[in-house]
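In our numbering, the protein residues as written are 1010 to 1768.
A quick write-up on the structure given underneath.
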Ligand SMILES: [Zn+2]
Ligand SMILES: [Zn+2]
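Structural data, given as structure tokens:
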């Protein structure tokens, strides 16, 4: 019998061909296996029918751990057998099937870790030891199929035992494209901040020693550079914080081990599973009572981002020091994507760091670390990137047309939706300038090529001036694609609905800003969405509040607070006393007061983020937003040990949750209750108020579920309190687990609306 088998899924770069080879040989079958240009694998089998059947059964049952099989397409061939034995043959460039993709980067496996520490192993202490089961994938691939010459490993011709292992069917590195050793593989080296080589026989451990002693290093990893420093010494952390965009932004850390992480943070079993998974994401952990690292790592926050080492180099950094953790934060200059090239690093990071720990393998695709937090026992993405992208989200149904979503403006991603798969790109960042626009364009094109997608439509935001909207318009024109514009919060709810395969939902969406259908600023919305209607109905929202000074008010929450308070109180003295927290001090405060007196018309917003900002300012928890979400994050941290002391009854006026009353109640209670209790009470008011409204609307509409999305859904207190209210009413409460609730999930939601809902 002769059969041709095409396998789609994640089947390249996961040891699939070696596995097929062994399976075929075991079953006495002849033929071949090869990678294809569409990221799939093609197998030809010749032999007994029984053997072929056994092969097909085991193909799925015994597949390598990292492989994902989506489809196995089998065709019986006529004609005589042509092969005397089974072989792995040269890859074909054929691109016939869509939907396969190469895997994300995978953390070093236990076997490689063991060899790293074994003095008898030829890769003993080699900082880039990998095998078919681990190592970089997405970050090194330039084109398909996944063969060494199509990756940045082509710069390192294999020699000696690397070459022998590569062709040995019994070896773990049989056809492992990232195989390398100290002789033939990438090299690590240290330089000064201007790129001058520092001769050292053990550059990686020397880098660890320098970090421990207080130096700041840029360390090149898989998907880009980290800026690294000690997590206990004040001097390097203070130096890092001297640049404005890093004044208070929390730094992620790499702990030397799980035990070390448990020394300064609380780790639940779910968090432990995420920390140690092959994706090795940053997980936000609550600081423990024994937290003895510098407060400068994550100032004024109750939690801290921690990841575990994911390359041999990371492990080796800790070898000769006893630091529990190092700061290892993405090297993103302000408004720029993560730095990936060596010369780029010297140019852009030379002022920040004392040394560079380089390696000489090029990075094909930038890829930031992923960030997760755990709510109860559910994972919630802050950022879905390294370790996840470009693996697809498998949906429960197929769309007829292939569509690409370009997302919104901040914390952006792109998404290619094809049949029942959504391929979401790595984290792109804030698409506001030429560099990030270019990154978005490249990442999107790469994703389309990697998945062999025949795109027919492009989806984007409703905002007429977003860079992504303009890009979508240009792409639509160039390629003859249909252009579909999706309202920001609608995209959030659509993403949530598709994730849970529900056809209708009352969705609460809370975030900082989204362009409303009327052009005004939305951000605290209750929408009713159905598949049938394709559109959505805005059922309710937070009260509109003034944004004194527009965008300036999002940076200085005192302005928002003053605007709201002035509706019922004379804020003159209050504001003047705090004018030191405004950019231009007293002059600015007086100007604001004049505006308030004259009743000058200002931009208004229903944003939940701005209400949380106002509470943070009234409580003195945060007066300036130096990074995205800062006031709200600090407010949550302040509330963590609080209780609902005010127990306010939500004031609902028709379809609107009153927030003026909330800000006043908090204002009047200062000194009567603790900051923690007041911060918690504010969370409770917003969560219960919105949930009560949503439940009321859901019951009116006969809808069985209420969902929560938007960046504020990363807030654990809001999520938990909303869940209690919704479930107490006998309704299902839906949150995101597979895509970020924040704007990283918008591209997926846009693609869903365009691909499934609107024909
Ligand atoms: Zn390995
Ligand atoms: Zn070698």
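Just so it is clear, CB atoms sit at the ideal spot from N, CA and C, and this is done for glycine as well.
Item, Value
"Give every residue of the same chain whose Cβ lies closer than 7 Å to the Cβ of residue 1698, excluding the five residues on either side of it in the sequence, and list them in chain order.", "1659, 1661 and 1666"
"Whose C-beta lies closer than 6 Å to the C-beta of residue 1191 among residues of the same chain, with five residues either side of it excluded?", "1135"
"Which of helix, strand or coil does DSSP assign to residue 991?", "No answer is possible for residue 991: the residues shown for the chain start at 1010 and end at 1768."
"Does the beta-carbon of residue 1121, which I'm using as the reference point, lie nearer than 7 Å to any heavy atom of ligand 1?", "yes"
"With a cut-off of 6 Å, give the chain-ordered residues whose Cβ is closer than this to any heavy atom of ligand 2.", "1167, 1168, 1169, 1171, 1189, 1190, 1192, 1193 and 1194"
"Which same chain residues, not among the five before or five after residue 1384, have their C-beta less than 8 Å away from its C-beta?", "1725, 1728, 1729 and 1744"
"Assuming contact is defined by CB atoms lying nearer than 8 Å, are residue 1567 and residue 1550 in contact in what I supplied?", "no"
"Select from 1584, 1572, 1337 and 1480 the residue whose C-alpha is nearest the C-alpha of residue 1260.", "1337"
"Could you check the C-alpha separation between residue 1433 and residue 1011 for me, to the nearest Å?", "38 Å"
"Does the distance between the C-beta of residue 1149 and the nearest non-hydrogen atom of ligand 1 fall short of 7 Å?", "no"
"Taking a contact to mean a Cβ-Cβ separation below 8 Å, would you say residue 1377 touches residue 1241 in this structure?", "no"
"In whole angstroms, what separates the C-alpha of residue 1448 from that of residue 1209?", "35 Å"
"Can you name the start and end residues of the beta strand (DSSP E) that residue 1014 belongs to?", "1011–1019"
"If you reduce the DSSP assignment to three classes, tell me which class residue 1716 lands in.", "strand"
"Let me know the secondary structure DSSP gives residue 1521 once reduced to three states.", "strand"
"Please name the residue in 1680, 1202 and 1315 whose C-alpha comes closest to that of residue 1297.", "1315"
"Is there contact here, the region 1665–1681 with the region 1625–1640, by at least three beta-carbon pairs under 8 Å?", "yes"
"Sorted by chain position, which residues of the same chain lie with C-beta nearer than 6 Å to residue 1229's C-beta, five sequence neighbours on each side aside?", "1367 and 1368"
"Can we count residue 1139 as close to ligand 1, meaning its CB is less than 7 Å from some heavy atom?", "yes"
"Could you tell me if residue 1070 is buried or exposed, where buried requires 16 or more neighbouring beta carbons within 10 angstroms of its beta carbon?", "exposed"
"Would you report the Cα separation of residue 1157 and residue 1098, rounded to the nearest angstrom?", "14 Å"
"Is the beta carbon of residue 1113 less than 8 Å from the beta carbon of residue 1288?", "yes"
"How big is the Cα-Cα spacing for residue 1735 and residue 1695?", "14 Å"
"Could you compute how far the alpha carbon of residue 1748 sits from the alpha carbon of residue 1520?", "16 Å"
"With DSSP collapsed to three states, give me the class of residue 1576.", "coil"
"Roughly how many whole angstroms lie between the Cα atoms of residue 1488 and residue 1468?", "14 Å"
"Should the region 1295–1313 be called in touch with the region 1256–1274, which here means at least 3 C-beta pairs below 8 Å?", "yes"
"Among residues of its own chain, excluding the 5 on either side of residue 1118, which ones have a beta-carbon nearer than 7 Å to its beta-carbon?", "1140, 1142 and 1143"
"What does DSSP give as the partner residues of residue 1390 in its beta bridges?", "1381"
"Taking residue 1795 as the reference, give the member of 1116, 1451, 1312 and 1041 with the closest Cα.", "Since the displayed the chain opens at 1010 and closes at 1768, residue 1795 lies outside it and no answer follows."
"When you compare the CB positions of residue 1047 and residue 1085, do they come within less than 8 Å of one another, or not?", "no"
"Does DSSP classify residue 1334 as helix, strand or coil?", "strand"
"Please classify residue 1650: is it buried, with 16 or more other beta-carbons within 10 angstroms of its beta-carbon, or exposed?", "exposed"
"Provide the residue(s) that pair with residue 1431 in DSSP beta bridges, ordered along the chain.", "1402 and 1426"
"Which runs of the beta strand (DSSP E), 3 residues or longer, sit entirely within the region 1138–1206?", "1197–1201"
"Taking only runs that begin and end inside the region 1557–1612, name each unbroken alpha helix (DSSP H) of 4 or more residues, in chain order.", "1560–1564, 1566–1574, 1581–1586 and 1594–1607"
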